[in-house]
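Visitor: Chains as they are written, first to last, in the working numbering: chain A, 1 to 308; chain B, 1 to 547.
Glycine included, every Cβ here is placed at the ideal spot set by N, Cα and C.
Just so it is clear, the structure is predicted and the values come from calculations on it, not from any experiment.
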């Protein structure tokens with residue numbers, strides 16, 4: 001198993017290399033640069049800045065310079081947030097994004113699984129339709145609608161929770177953003193669980209469990225649910241990577257200092273190193289979580305276990 | 001047989017006027033209609049019938065396992081309690097403890113996610129309050145009782161790591177865990193190879209002798225009924241049409257349906273073709289190997305030899321029956337001969353070497369080589385009409401045909417397999433298994449092939465339908481001088497259709513010869529076992545497994 005995990009991580013190296021390469025050159029194709037401001041800088045200043053950040057060198061040398069720095073774990077200085085390195089920015093923002101994302105994910109798994117099971121066990125009943133309705137709602141209403149509405153109701157009208165801001169990570173400040181992030185995930189998880197559970201309840205081995213007089217709770221929890229969780233696990237890889245690396249919408253609307261904002265801001269500002277840093281971090285998360293999901297899947301389902 | 005006919009035994013289960021109905025979108029369907037049956041302690045009763053006769057739903061109703069849209073009425077008295085009227089909680093005390101059940105599908109009836117030891121232990125833990133440790137100890141004893149080899153290791157195996165026969169043994173171990181009064185076996189051997197089938201039946205018989213439980217045996221296989229049961233109920237369209245001691249029913253069936261079932265056992269023989277008839281297909285040293293993985297980081301790559309240097313000859317108008325247990329390489333051989341999997345060795349079709357030809361050049365030959373698959377449900381595209389399915393080959397091989405001409409050819413092909421040409425516009429799901437198999441045959445016949453590979457074409461069908469397909473294949477062969485490569489694990493059908501038989505095991509040819517010769521005087525041990533297991537050696541009935 002350890003050998004398998006190592007093999008998988010090693011095989012991710014070429015993937016990451018390709019992603020870094022493509023992003024690097026793609027970004028440079030876009031017109032403009034980090035120091036092209038609305039009020040143009042003096043030619044001399046511009047020249048100095050370009051030299052300082054090696055932007056005056058041929059592109060291929062900049063590329064190799066970036067690669068060699070990256071190999072040493074150096075993501076470089078941010079071009080726009082002066083005095084900060086990209087690593088500094090992530091060190092400050094990533095924990096925030098991870099906290100929110102992980103909480104949302106946990107919430108989605110708990111509530112989504114619960115709702116999905118209820119719906120499957122009472123298929124075609126009012127409860128089922130209600131869950132399916134909520135799920136459809138959760139999937140269709142985008143977070144940029146949910147976030148301001150929640151903020152207005154609970155923050156402004158009722159005044160129960162802060163309408164925005166991070167408040168140094170106070171619990172009250174986290175509730176609304178986590179809810180906003182979790183809502184579509186709850187919906188997706190509930191739908192996945194419902195479908196898989198309905199199938200599992202009809203399967204031959206669940207019939208066997210019932211034929212052997214096992215109590216319903218055991219049949220459901222032990223024999224049906226474990227099978228029903230499998231599709232959710234597959235979904236979890238990309239979903240977790242996306243959630244944990246922050247959401248631009250939620251972070252912008254609630255004013256949260258995560259790294260989700262960097263996706264767009266860095267690209268607009270042509271903050272080359274920050275864009276690359278974001279790409280690298282997100283890719284790492286995707287690779288890592290796909291591996292975690294595969295290991296988890298194998299743990300749950302002996303049929304796909306590998307002989308490593 | 002256990003017990004004598006004269007001895008009075010206590011009645012364990014008495015089913016009276018059992019009705020099962022399913023609510024469907026277009027009204028209720030009555031699957032079981034007024035069934036009565038009884039089972040005495042230690043007795044073996046068979047319920048026999050073709051698919052759709054209601055035999056399985058009868059026992060499902062007793063066990064409270066009907067689908068959500070099904071309802072049962074009537075009475076099913078077990079030791080004075082009506083199973084149909086019990087609360088779920090009370091019923092759970094009986095099922096899995098006093099009445100247990102084994103199912104047809106050994107692949108899917110066990111939970112793929114748990115070790116088999118745990119699954120055997122589970123009912124003991126919940127019914128008897130045993131600790132997991134004690135239940136595991138007992139599970140190991142049970143695995144030894146059902147004679148799983150290497151039980152200490154297998155107890156920690158997952159179902160997919162076991163063979164079909166071993167899984168069925170696990171199922172039986174689970175069924176015996178709580179010393180049941182009644183064991184219901186719903187087609188427990190249907191999905192197994194004949195040799196394994198015989199072993200499982202023998203095991204059930206021995207266990208019954210030792211433990212004395214009554215057995216309700218659901219099957220469509222009259223051979224099993226004859227050897228295994230004391231009394232039989234014949235079901236048709238939800239009703240019991242005939243019942244009585246097995247010997248009486250087989251000697252003097254009263255009901256027309258029973259007579260039809262008995263007559264549906266494959267009969268007839270095919271005369272061998274002349275030695276001088278031209279050879280259609282010749283394979284020399286045909287081998288197919290599949291990589292088993294394990295080739296990572298310079299380690300030796302493992303290979304599975306699915307077909308191992310097999311040589312065969314097929315003459316025009318001949319039927320070569322290929323028999324063997326699953327995994328013996330029968331189907332792979334057929335696919336290699338059709339160039340559907342890469343193989344080594346020489347394959348000559350109509351005198352031309354086709355082993356090295358590329359796909360494009362093969363097209364002309366390909367139409368002469370057609371195949372009919374086992375699963376009449378999976379092998380027809382559900383989204384095409386019958387007409388489209390049947391004429392699809394023409395689009396490839398005769399693209400210049402006009403639509404009208406194609407329709408005419410399709411009508412002719414359907415007529416040839418005794419289907420109404422007007423059915424062209426309908427979809428596969430509207431047809432029964434037997435009809436679908438006819439459609440698959442029509443799809444092959446429309447291209448006027450020389451050689452037809454029949455890969456278990458009758459295995460998924462009821463005996464009476466099987467008989468019709470066998471007769472159809474016979475007629476087509478006679479009319480078109482077709483050559484068949486007939487793959488089957490069903491020796492009765494092979495005996496009726498083939499003039500020569502090739503027995504395969506582990507990818508090799510064990511024995512080959514004229515059908516009558518092989519059946520009358522099998523030389524190899526494996527062939528003998530195969531024959532004995534299939535109950536075919538007339539006059540020497542149950543010795544193979546009753547001993």
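Rounded to whole angstroms, what's the CA-CA distance from residue 24 of chain B to residue 124 of chain A? Just pull it up for me.
Guide: Roughly 15 Å between the two C-alpha positions.
Visitor: Apart from the five residues on each side of it in sequence, which residues of its chain come closer than 6 Å, Cβ to Cβ, to residue 73 of chain B?
Guide: Within the same chain, residue 73 of chain B has close Cβ partners 19.
Visitor: For residue 298 of chain B and residue 299 of chain A, I'd like the C-alpha separation in whole angstroms.
Guide: Because the pLDDT of residue 298 of chain B is 49, which lies under 50, any placement of that residue in the model is unreliable, and the number read from its coordinates should be weighed accordingly. Approximately 28 Å between the Cα atoms of the pair.
Visitor: Beta carbons nearer than 9 Å to chain D: which residues of the segment 113–133 of chain B have them?
Guide: Protein chains in the displayed structure are A and B, and chain D is not among them.
Visitor: Nearest by alpha-carbon distance to residue 118 of chain A: which of A:266, A:265 and A:197 is it?
Guide: For the residues A:266, A:265 and A:197, the minimum Cα distance to residue 118 of chain A belongs to A:197.
Visitor: If distances are taken between C-alpha atoms only, which option among A:274, A:222, A:33 and A:128 comes closest to residue 56 of chain A?
Guide: The residue with the shortest Cα to Cα distance from residue 56 of chain A is A:33.
Visitor: Express the C-alpha separation of residue 379 of chain B and residue 296 of chain A in angstroms, rounding to a whole number.
Guide: If you take the alpha carbons of residue 296 of chain A and residue 379 of chain B, they lie about 35 Å apart.
Visitor: Could you tell me which uninterrupted alpha helix (DSSP H) segments, each at least 4 residues in length, are contained entirely in the segment 238–289 of chain A, listed from first to last along the chain?
Guide: The segment 238–289 of chain A contains these whole alpha helix (DSSP H) runs: 248–254 and 260–268.
Visitor: Taking only beta-carbon atoms, is residue 208 of chain A less than 7 Å away from chain B?
Guide: Cβ-Cβ to chain B under 7 Å: yes for residue 208 of chain A.
Visitor: Taking DSSP as the reference, what is the three-state secondary structure of residue 230 of chain B?
Guide: Of the three classes helix, strand and coil, the one that applies to residue 230 of chain B here is coil, per DSSP.
Visitor: My understanding is that residue 506 of chain B touches residue 459 of chain B, with C-beta atoms under 8 Å, so please give their C-beta distance in whole angstroms.
Guide: At roughly 21 Å, the Cβ-Cβ gap does not stay under 8 Å, so residue 506 of chain B and residue 459 of chain B are not in contact.
Visitor: Would a check of beta-carbon distances place residue 402 of chain B closer than 7 Å to chain A?
Guide: Chain A contact via Cβ: absent.
Visitor: Measuring only the C-alpha atoms, how far is residue 295 of chain B from residue 303 of chain B?
Guide: Caution applies to residue 295 of chain B, whose pLDDT of 49 falls short of 50 and renders its modelled position unreliable; the model cannot decide the point.
Visitor: In the DSSP output, which residue or residues are listed as bridge partners for residue 313 of chain B?
Guide: Residue 313 of chain B is bridged to B:282.
Visitor: For the structure I just gave you, are there three or more beta carbon pairs, one from the segment 140–153 of chain A and one from the segment 64–74 of chain A, closer than 8 Å?
Guide: Contact fails: fewer than three Cβ-Cβ distances are below 8 Å.
Visitor: Please confirm whether residue 286 of chain B and residue 336 of chain B have their CB atoms less than 7 Å apart.
Guide: Yes, the pair counts as a contact, with Cβ atoms nearer than the cut-off.
Visitor: Spatial neighbours of residue 164 of chain B within its chain, please: C-beta separation below 6 Å, excluding the five flanking residues on both sides.
Guide: The residues are 106 and 192.
Visitor: For residue 416 of chain B, which beta-bridge partners are listed by DSSP?
Guide: Paired residues: none, contrary to the question.
Visitor: If I follow the unbroken alpha helix (DSSP H) through residue 548 of chain B, where does it start and stop?
Guide: Because chain B in this structure spans residues 1 to 547, residue 548 of chain B falls outside the shown range and cannot be described.
Visitor: Judging by CA-CA distance, which residue of B:236, B:17, B:273 and B:244 is the nearest neighbour of residue 257 of chain B?
Guide: That would be B:236, whose Cα lies nearest to the Cα of residue 257 of chain B.
Visitor: At a CB distance below 8 Å, what residues from the segment 78–111 of chain B approach chain A? Give them in sequence order.
Guide: Listed by position along the chain: 88, 91, 92, 93, 94, 95, 96, 97, 100, 101, 103, 105, 108, 109, 110 and 111.
Visitor: With 7 Å set as the bound, which would you pick, yes or no: does the beta-carbon of residue 295 of chain B sit closer than that to a beta-carbon of chain A?
Guide: Below a pLDDT of 50, predicted positions are generally treated as unreliable, and residue 295 of chain B, at 49, falls in that range; the measurement from the model is reported next regardless. Answer no: the Cβ-Cβ gap between residue 295 of chain B and chain A never drops below 7 Å.
Visitor: With 7 Å set as the bound, which would you pick, yes or no: does the beta-carbon of residue 213 of chain B sit closer than that to a beta-carbon of chain A?
Guide: So no, residue 213 of chain B is outside the interface.
Visitor: Output needed for residue 135 of chain A: all residues of its chain with C-beta closer than 6 Å, excluding positions within five of it in sequence on either side, in chain order.
Guide: Excluding positions up to five away in sequence, the list reads 187, 190 and 191.
Visitor: Got a sec: is the Cβ-Cβ distance from residue 183 of chain B to anything in chain A below 7 Å?
Guide: Chain A, which has no Cβ nearer than 7 Å to the Cβ of residue 183 of chain B, makes this no.
Visitor: Considering only residues of the same chain and omitting the five flanking positions on each side of residue 261 of chain A, which have a CB-CB separation below 7 Å?
Guide: 248, 251 and 252.
Visitor: Pick helix, strand or coil for residue 456 of chain B, following the three-state DSSP scheme.
Guide: Residue 456 of chain B falls in the coil class under three-state DSSP.
Visitor: Is the distance from the Cβ of residue 494 of chain B to the Cβ of residue 441 of chain B below 7 Å?
Guide: No, Cβ-Cβ distance for residue 494 of chain B and residue 441 of chain B is not below 7 Å.
Visitor: Might you give, ordered along the chain, the residues of its own chain that have their beta carbon closer than 6 Å to the beta carbon of residue 332 of chain B, omitting 5 neighbours on each side?
Guide: Result list for residue 332 of chain B: 288, 306 and 307, in chain order.
Visitor: Does the distance from the C-beta atom of residue 229 of chain B to that of residue 217 of chain B stay below 7 Å?
Guide: Their beta carbons are under 7 Å apart, which means residue 229 of chain B touches residue 217 of chain B by this criterion.
Visitor: Output needed in chain order: residues of the segment 60–71 of chain B with a Cβ under 7 Å from some Cβ in chain A.
Guide: Those residues of the segment 60–71 of chain B that come within reach of chain A (Cβ to Cβ, closer than 7 Å) are 63 and 65.
Visitor: Smallest Cα separation from residue 94 of chain A: which of A:302, A:20 and A:277?
Guide: For the residues A:302, A:20 and A:277, the minimum Cα distance to residue 94 of chain A belongs to A:277.
Visitor: Would you say residue 298 of chain B lies against chain A (beta-carbon separation less than 7 Å)?
Guide: Per-residue confidence for residue 298 of chain B stands at a pLDDT of 49, beneath the threshold of 50, marking its modelled position as unreliable; no derived number is given.
Visitor: With a CB to CB cut of under 7 Å and the five nearest residues on each side skipped, what residues in its chain are close to residue 284 of chain B?
Guide: Around residue 284 of chain B: 311, 345 and 346.
Visitor: Here's the rule I'm using: 16 or more other beta-carbon atoms within 10 Å means buried, otherwise exposed. How should residue 415 of chain B be labelled?
Guide: Classification of residue 415 of chain B: exposed, given that the 10 Å Cβ count is below 16.
Visitor: State buried or exposed for residue 10 of chain B, treating a residue as buried only when at least 16 other CB atoms are found within 10 Å of its CB.
Guide: Residue 10 of chain B is exposed by the Cβ-count criterion.
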